[in-house]
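Comments concern the structure below.
Residue numbers (this note's numbering): 413 to 491.
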């Protein structure tokens with residue numbers, strides 16, 4: 413609670429409303445941040461086909477964002 417002057421304007425309280433639809437987020441990240449984000453809307457489910465297509469899009473995102481990792485390998489030896 414904070415003390416305010418009687419003539420100060422009243423702060424507005426925002427009302428939260430529930431979302432009309434449910435969504436599921438599939439997030440892949442590394443130490444530097446999010447690599448790929450996939451969103452499934454209500455009614456969609458994870459099955460083998462959907463998961464494989466998500467992994468294909470993840471591979472494409474890695475190729476676009478992390479080309480140096482794929483060229484040198486993920487575990488380069490420090491010599």
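Positions of the beta carbon are idealized from the N, C-alpha and C atoms, including for glycine. Predicted, not measured: the structure shown is a model, and the values here were computed from it.
Cβ distance (whole Å) where residue 437 is taken to contact residue 449 below 8 Å: 6 Å
DSSP three-state assignment for residue 470, whether helix, strand or coil: helix
Three-state secondary structure assigned by DSSP to residue 418: Three-state result, residue 418: coil.
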